[in-house]
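Mind the numbering: the sequence shown is residues 1 to 68 in this note's numbering, read in order. Even glycine gets a Cβ: it sits at the ideal position worked out from N, Cα and C. Just so we're clear, the structure is a prediction, and the values are computed from it rather than from any experiment. Okay, structure first, notes after.
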Amino acid sequence: MAIDPEELVTLTNHGTMKLRSAVARAMTLLPKERRRATIVRKGEPAMLNFEQIKDLAARWEQQLAPSE
């Protein structure tokens, strides 16, 4: 799943923002809110649930980690 972190998306109940910001915000939500977090986008997949958001955050974090 190749996703552009600069893509404009909507995080439900939080408005429109860049995907990277939506993922970061979703990761800071309280646990009850996290379970309901959904990112709506124009590309495929059109909706990302919290499990997909969490996987994306982990992948991006791994890419940013310095190599030893």
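Burial state of residue i, where buried means 16 or more other Cβ atoms lie within 10 Å
{"i": "Ala2", "result": "exposed"}
{"i": "Ala58", "result": "exposed"}
{"i": "Ala46", "result": "exposed"}
{"i": "Leu11", "result": "buried"}
{"i": "Val23", "result": "buried"}
Cross-strand partners of residue i (DSSP beta bridge)
{"i": "Met17", "result": "Val9"}
When the options are compared against residue i, the one with the closest alpha-carbon
{"i": "Arg25", "options": "Phe50, Asp4, Gln62", "result": "Phe50"}
{"i": "Ser21", "options": "Lys32, Gly43, Val9, Asp55", "result": "Val9"}
{"i": "Thr16", "options": "Val40, Glu61, Ile53, Lys54", "result": "Val40"}
**Prompt:** Which runs of the beta strand (DSSP E) spanning at least 3 residues fall entirely within the stretch 17 to 52, listed in chain order?
**Reply:** 38 to 40, 47 to 49
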